[in-house]
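One structure is given below, encoded as structure tokens.
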Amino acid sequence: MQKHITHVALDDSKRTIIAGILRPGAQDPELRQIPNEPRHLRRLFARLTREGAVVACYEAGPSGYDLYRQLTALGVPCQVIAPALTPR
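Residue numbers (the numbering used here): 99 to 186.
Spelled out as structure tokens, the structure:
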């Protein structure tokens, strides 16, 4: 099993995506905001996957499974989390 994994939590809206990036060994996530466009998402994950394994998740919402499809097409494992099951 891969030990050095970068975890990415995504919060998407119609215009932007906020990515919380937790790199291996980091205590705090790095936050990045990108336009909600496939090319920007591809660019971000291309950079991250060059550094090693990456997994992603985001909260299910009105945007559906677009992010899931885009990320899995890039080879990034992604989980869609039900809002009611998200820890607070």
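By construction, the Cβ of each residue, glycine as well, lies at the ideal position given by its N, Cα and C atoms.
All of these numbers come straight from a predicted model, not from anything done at the bench.
N- and C-terminal bounds of the beta strand (DSSP E) containing residue i
i: His102; result: Run containing His102: none; DSSP gives neither H nor E here.
i: Val178; result: Cys176 to Ile179
Boundaries of the alpha helix (DSSP H) in which residue i is found, first to last residue
i: Gln131; result: From DSSP, Gln131 is part of no alpha helix (DSSP H) but of the beta strand (DSSP E) over Glu128 to Pro133.
Other residues of its chain near residue i: CB distance less than 6 Å, five sequence neighbours each side excluded
i: Tyr166; result: Cys176 and Val178
i: Ala107; result: Gly118 and Cys155
Beta-carbon proximity list for residue i, same chain, < 8 Å, skipping 5 on both sides
i: Thr147; result: Leu172, Gly173 and Val174
Within 9 Å, strictly: CB atoms of residue i and residue j
i: Ala129; j: Gln168; result: What sits at residue 129 in the sequence shown is Leu, not Ala. Contact: no.
i: Glu157; j: Asp109; result: yes
i: Thr104; j: Glu149; result: yes
i: Gln131; j: Ala154; result: no
i: Pro181; j: Gly159; result: yes
Exposure label - residue i; buried when at least 16 CB within 10 Å
i: Leu142; result: buried
i: Glu135; result: exposed
Checklist entry - Which runs of the beta strand (DSSP E) fall wholly inside the stretch 114 to 167 and span at least 3 residues, in chain order? => result Taking 3 residues as the minimum length, the beta strand (DSSP E) runs contained wholly in the stretch 114 to 167 are 114 to 120, 128 to 133 and 151 to 157, in order along the chain.
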